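In my numbering, the protein residues as written are 2 to 460.
Please read the structure below before turning to the comments.
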Amino acid sequence: MKLNILFLCNKPKSATDANTIIDHISAFEDYSQHHVFTYSNVGDISPRIQLEQFDAIMIHYSISLVNDYYISPQSKALLRDFTGLKIMFIQDEYRQINKIVSEIDYLKIDVLFTCFPPEEMSKIYCPSKLPFLSLYSNLTGYIPERLLDFPPARIPLTAQREIDVGYRSRKVPYWLGQLGYEKWHIVEQWQQLAEKNSGLKTDISYYEQDRIYGDNWVRFLLTCKTTLGVESGASIMDFTGQLQTLVDFHQATYPDDSFEKIQKIYLREHEGLYKLNQISPRCFEAIALKTVLVLYEGDYSGILTAGQHYIPLKKDFSNIQEVIAKIKNTAYLQAMANKAYEDIALNSQYHYSSFIQRFDDIITNEFKQRDKRKAAQPYQPDDLQTSLSAFDFPVAEHPFEEVKRKVAIRPILSRALHLLINRFAQSATLRKFKFFLTQRVVIFNPLLRVIKRRLLQLI
């Protein structure tokens, strides 16, 4: 049985965000046996889309339910009234959990794919509050087959790579707890305790202006012998949003206070009560490109084995000299890169195609078990595309010649916008101002990324 699924998402352009989001969205289009109609949009669902012509609606994790920016109240009401199967993927599950649970209840979501492991899921999404919700655990990302299609000649041997240690992260808010802190603090620790006098060539940073996206990230990994890493997720669950408010206010008032001080005042009693740490998609990308992982000790979803698939680094850096010695041993690195590639990258259970096959089976079973009915007049792919094109360029507002002119000037506008963005990035004064805002306004960078994506989409 093939279902017509409307896929609501906020798909970024490859040059403006991490590949992991694009890979996750594209996997449904590439591998699902169902008919997946991807609709990348925020705000209102187009009135030209007839929801009753779909068998199921799926909300991607790039669409947040925490506020009304991504899905308007009017569109939420339409989703609530939809009688087909409703599916949702969620990440960043550590914030405003009560609000998320309330939205899931309001929308009457049937199936939720969560990053919490099975033993933790019901603690967050309580069956007594969400009695009709089916929960399924999944990873934050999988191995994109596009990386496995690289010919051997495009993947340099370890000895041919010029950077010994590479890494990129960002300084996430303190209220994410110890695990969030480790994601960027590992950079400072490495620079203080490992970089000096090691003789290693490094390229590591957590500054926003140093972030790398799209194909540039792949090229960067291919120049690195090793890359640092920590577990994905957060160690604190903020059910009400109160912790975020308290910590943000404290940091705005006392910007020089350390994480340790803030953790002692607000966070310590909340640390580690729930498990939301797992392997990061960045680990899979590195393994597929034969870049050796140097990771803080951890579980990594039970997939990676220390000493076989990665070089373990103690969080207090007490074994740093041993780690440095291994990084300098090119033969050791090549053997580990090959081992991880064979055990993990070539293991189909970690591929997106296998994940989508599991997804298809789950959705088909849920549709049958819930006795859902298929749409009487389902969309055909061309029908939806035509209706959306008409919505984007209404004939009454844009005569044909005007549409042609608009299409013709798009490349010019696109180049101008990219030039403006690059000039902004090259200005030391503007970078300092952006960094100042980043440290004091938590939503500044996410908001800036959204604005940039929307401008690129508009042209």
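Think of the CB as a built atom: it goes at the ideal place given N, C-alpha and C, for glycine as much as any other residue.
These numbers were taken from a predicted model, which means no experiment stands behind them.
Among the options, nearest to residue i - alpha-carbon criterion
i	options	result
F55	L86, L158, L180	L86
G299	A289, L108, I280, V293	I280
T227	E272, K12, L158, I64	L158
K276	M122, Y380, L148	M122
Y351	L7, H25, P13	H25
A78	L113, V188, I50, L108	L108
L294	K130, I98, K197, G167	G167
W191	R374, L131, Y207, F83	Y207
C127	Y353, L113, A332	L113
H35	E196, L7, S129, N139	L7
T224	G242, I205, D69	I205
E272	Q179, I125, N11	Q179
E323	S349, Q378, A195, P256	A195
W185	Q193, G234, R171, P74	R171
G230	C284, G44, V67	C284
Q75	G44, I98, V102	G44
N68	S103, T254, I50	S103
E286	F221, T241, Y255	F221
L131	C116, R155, I105	I105
Cβ-based burial, residue i [other Cβ within 10 Å; buried from 16]
i	result
M89	buried
R371	exposed
R359	exposed
E402	For E402, the predicted structure reports a pLDDT of 32, less than 50, and the residue's modelled location is therefore unreliable. The matter cannot be settled from this model.
I266	exposed
Q92	buried
E232	buried
G303	exposed
P282	buried
G200	exposed
A332	exposed
M2	exposed
L274	exposed
E163	exposed
N198	exposed
T254	exposed
Per DSSP, cross-strand counterpart(s) of residue i
i	result
D1	In the structure as shown, the chain starts at 2 and stops at 460, and residue 1 therefore has no counterpart that could be examined.
T227	V166, V293
T39	F8
P313	L296
K87	I58
Neighbourhood of residue i by C-beta distance below 7 Å, restricted to the same chain and skipping five residues each side
i	result
L149	A289, A346
P313	L296, E298, A307
A235	Y95, L177, G178, L180, G181, L277
S349	S355
Cutoff 8 Å; reference residue i; Cβ partners in own chain excluding five residues on either side
i	result
D111	L86, K87, I88, F133, L134, S135, E367, R371
A376	N5, E53, Q54, F55, D56, G85
E120	K276
R81	Y107, L108, K109
L9	Y40, N42, I46, I58, M59, I60, H61, I64, I72
K340	Q309, H310
* So, do the segment 168-176 and the segment 244-254 have three or more beta carbon pairs nearer to each other than 8 Å? -> Segments in contact, yes.
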